[in-house]
Amino acid sequence: MQSGYFSCGDVRLVSGDILHDTRLAWRMWGTLSDRADNCILIPAYYGGSTASYAPLIGPGNVFDTDRYCVITPGLLGAGESTSPSTYSRSVFPLVDMRDNVRCQHRMLREQFGIESLPLVAGWSLGGMQALYWAAMYPQAVRRVLATCATANCWPQNRVFLEGMESILMADAGYADGAFAAPPVATVKAFARSYCGWAYSPDFFRTHGYRELGYHTLESFLRYWEDDHLQQDAADLLAVLRTWKTSSFRHGPGDNVLDLADITARVLLLPSVNDAYFIESEVRMEAAWITQADVWPLITRYGHCAGAPGRFAEATLPLARAVMALLEGEFAGVDVAEG
Numbered sequence: 462m463q464s465g466y467f468s469c470g471d472v473r474l475v476s477g478d479i480l481h482d483t484r485l486a487w488r489m490w491g492t493l494s495d496r497a498d499n500c501i502l503i504p505a506y507y508g509g510s511t512a513s514y515a516p517l518i519g520p521g522n523v524f525d526t527d528r529y530c531v532i533t534p535g536l537l538g539a540g541e542s543t544s545p546s547t548y549s550r551s552v553f554p555l556v557d558m559r560d561n562v563r564c565q566h567r568m569l570r571e572q573f574g575i576e577s578l579p580l581v582a583g584w585s586l587g588g589m590q591a592l593y594w595a596a597m598y599p600q601a602v603r604r605v606l607a608t609c610a611t612a613n614c615w616p617q618n619r620v621f622l623e624g625m626e627s628i629l630m631a632d633a634g635y636a637d638g639a640f641a642a643p644p645v646a647t648v649k650a651f652a653r654s655y656c657g658w659a660y661s662p663d664f665f666r667t668h669g670y671r672e673l674g675y676h677t678l679e680s681f682l683r684y685w686e687d688d689h690l691q692q693d694a695a696d697l698l699a700v701l702r703t704w705k706t707s708s709f710r711h712g713p714g715d716n717v718l719d720l721a722d723i724t725a726r727v728l729l730l731p732s733v734n735d736a737y738f739i740e741s742e743v744r745m746e747a748a749w750i751t752q753a754d755v756w757p758l759i760t761r762y763g764h765c766a767g768a769p770g771r772f773a774e775a776t777l778p779l780a781r782a783v784m785a786l787l788e789g790e791f792a793g794v795d796v797a798e799g
């Protein structure tokens, strides 16, 4: 495995602001072919890092490094790449999903000489970015696998994010996002609230957290607190705003992207009980994409059905989906249940 940073310089964002001295973090597994045509790109998700997909990557794994080179770029704002915590919290500009994808595109071309991708995949915001990739660079993307993701931030998703954002903004030391002191109690409240959206009612009712080694609900919630306290509150806020402003059009409109622009073969894996990337909205978007299939994940894990390597029951359907996409064998494949 290799890791590093790509220097993007001063980046003019979709908002018109300039993000100075922008750096994009990346990790690479496997070997890039001489023709640079065997790269699978897997963008990071909210709260994740360039290492977060590691449980799915390796020889003979879901993303097989015996056959493919895998690159995982970090999100702008998330801590590894240029972010409020490495920049200036109070003046960090709004980063659009398109800004992320443009920087990733530059990195692949300029640092690695990659012009074409056999697959762009991702969970949650990683899946969102995969769909952006396919719309922005249709000539470069042959296949997309988006797990528990939509291209748009639909209304219920936005309401969820508005609530999470308001928790961070209510901190007494908020100071326009600069945070005068580490907002420990506020981030703990953020984590506890987030946890209730991430999993399904069945997961909590059947004590699903015990599968993860937590014997009580309280110990599970404390794990969520501890996990989020490892992240900078200003970074959490910055990427949340990137997520919240994600928007495509379907038909005439003012936005520059249209799902109909996607020419790649697209496979969408919604979780049937995801509370914010809703299955019915995934299906609506699929209808606006020329070549899209929807294979629902039937588990009790909610949005976290797609979390990399977290649940073996959900990893098997993902592996089948990757194989079906890369081998072109859709007929007769049932990935709904592990």
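Start counting the sequence shown at 462; every next residue gets the next number (the numbering used here).
C-beta atoms are modelled at their ideal positions from N, C-alpha and C, and glycine is treated no differently.
This one's a predicted model, so the numbers in the text were calculated from it and none came from an experiment.
1. With a threshold of 16 other CB atoms inside 10 Å of the CB of residue 467, please say whether the residue is buried or exposed.
2. Please name the residue, chosen from 740, 583 and 621, that lies closest to residue 604 on a Cα-to-Cα basis.
3. Does the beta-carbon of residue 751 have 16 or more other beta-carbons within 10 angstroms, so that it is buried, or is it exposed?
4. Alpha carbon to alpha carbon, how far is residue 700 from residue 556?
5. Just to confirm before moving on: does the CB-CB distance between residue 766 and residue 609 stay below 8 Å?
6. Give every residue of the same chain whose Cβ lies closer than 6 Å to the Cβ of residue 565, excluding the five residues on either side of it in the sequence, and list them in chain order.
7. Distance, Cα to Cα, residue 655 vs residue 496?
8. Count the other CB atoms, across all protein chains shown, that sit within 10 Å of the CB of residue 501; report buried if there are 16 or more and exposed otherwise.
9. Using only the alpha-carbon positions, how far apart do residue 593 and residue 612 sit?
10. With a threshold of 8 Å, are at least 3 pairs of Cβ atoms found where one atom belongs to the segment 617-632 and the other to the segment 686-703?
11. Taking only three categories from DSSP, how would you classify residue 801?
12. What number of angstroms, rounded off, separates the C-alpha of residue 730 from the C-alpha of residue 741?
13. Taking the alpha carbon of residue 573 as the reference point, which residue from 617, 520, 488 and 543 has its own alpha carbon closest?
14. Where does residue 463 sit, in a helix, a strand or coil, going by DSSP?
15. Ordered along the chain, which non-local residues of its own chain (more than five positions away) have a Cβ less than 7 Å from that of residue 782?
16. Which residue wins for smallest C-alpha separation from residue 494, given the options 531, 469, 470 and 464?
17. Mapping the DSSP letters down to three states, classify residue 738 as helix, strand or coil.
18. Determine, using beta-carbon pairs with one atom in the segment 646-654 and one in the segment 681-694, whether at least three such pairs fall under 8 Å.
19. Can you pull the DSSP bridge partners for residue 556?
20. Give a yes or no on whether the C-beta atoms belonging to residue 725 and residue 602 are separated by under 8 Å.
21. Could you give the residue range of the beta strand (DSSP E) that holds residue 789?
22. At what residues does the alpha helix (DSSP H) containing residue 689 begin and finish?
23. May I ask you to report which of helix, strand or coil DSSP gives residue 713?
24. So which of 477, 624, 519 and 749 has the shortest CA-CA distance to residue 490?
25. Do residue 560 and residue 578 have their beta-carbon atoms positioned less than 8 Å apart in this structure?
26. Measure from the alpha carbon of residue 637 to the alpha carbon of each residue in 748, 784 and 545, then state which is nearest.
27. Can you tell me the Cα-Cα spacing of residue 480 and residue 762, whole angstroms?
28. May I have the straight-line CA-CA distance separating residue 734 from residue 549, to the nearest angstrom?
29. Would you call the CB atoms of residue 554 and residue 474 closer than 8 Å?
30. Where does the unbroken beta strand (DSSP E) through residue 703 begin, and where does it stop?
31. When we look at the beta-carbon of residue 620 and count the other beta-carbons within 10 Å, is it buried (16 or more) or exposed?
Based on what the coordinates show:
1. buried
2. 583
3. exposed
4. 8 Å
5. yes
6. 534
7. 43 Å
8. buried
9. 7 Å
10. yes
11. The shown model of the chain, from 462 to 799, leaves out residue 801, and the question about it has no answer.
12. 12 Å
13. 488
14. strand
15. 606, 728, 730, 756 and 796
16. 531
17. coil
18. yes
19. In the DSSP output, where bridge partners are listed per residue, residue 556 has none listed.
20. yes
21. That residue, residue 789, is in no beta strand (DSSP E); it is neither H nor E in DSSP.
22. 678-690
23. Here the model assigns residue 713 a pLDDT of 48, short of 50, so the residue's position is not dependable and the matter cannot be decided.
24. 519
25. no
26. 545
27. 37 Å
28. 38 Å
29. yes
30. Element bounds for residue 703: not the beta strand (DSSP E) but the alpha helix (DSSP H), 694-705.
31. exposed
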